[in-house]
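Under UniProt numbering, think of the first position of the sequence shown as 1, with each following residue one higher. Cβ coordinates follow ideal geometry from the N, Cα and C atoms, glycine included. These numbers come from a predicted model, not from an experiment.
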Amino acid sequence: MSQPPASVPPASPNPPAGSFDPAQYQMCDSVGYLMQRAKNMLAHGVEQEVSSLDITQAQASCLMMLATGRASTVTDLGRELNTDMGSVTRLLSRMEKRGLIERRRRDADRRVVDLSVTPQGQELVQQLPAIFCKVLAHHFRGFSEDEIQLLRGMLRRVIDNSG
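Below, the structure is given as structure tokens:
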């Protein structure tokens, strides 16, 4: 089993007792609330930047997930985006109509639809890392590399704890 990076403190079995005490709960200071606000601000920043490419933040995320192999089916995208299959299907229909992706049913199991990025979509994919990095750099002004690595490690632990 691999060890976490040295900058990430070792996991304890339970969070500190006072951290999640309902009697002390303040929504605006809640870790969940703050993570959601941060996610929304990052998504909004990406949305503004990719609008010049005539795509949405959700489309940009889908293109990157498909191009990097993080997702290859509608089900994969739904899980990664934490959204229902109907929303993903509508998003993909718009992307397919624009010529950014292709859908192909599997011969072995016609219920499964494989997704791929078209050459036109790939042109956009080439521009997206710079856009994502620009937005991240803006929001992480004043953070040290160690702080960013620590946050990354902590977020991975939160994700791993979800099972």
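Between the segment 106-121 and the segment 60-70 there are three or more inter-stretch CB-CB distances shorter than 8 Å, so the stretches are counted as touching. Contact annotation: Gln122 and Leu53 have beta-carbon atoms that are not nearer than 8 Å. Separation of the CB atoms of Thr73 and Val125 is rounded to 18 Å, and the pair is thereby denied contact status at 8 Å.
Every beta strand (DSSP E) of 3 residues or more that sits fully in the UniProt domain "HTH marR-type" (28-160) is shown, in chain order, as 101-105 and 113-117.
Judged by their CB atoms, Ile148 and Phe140 are nearer to each other than the 8 Å cut-off. Taking C-beta atoms as the reference points, Gln59 and Ala43 fail to come closer than 8 Å.
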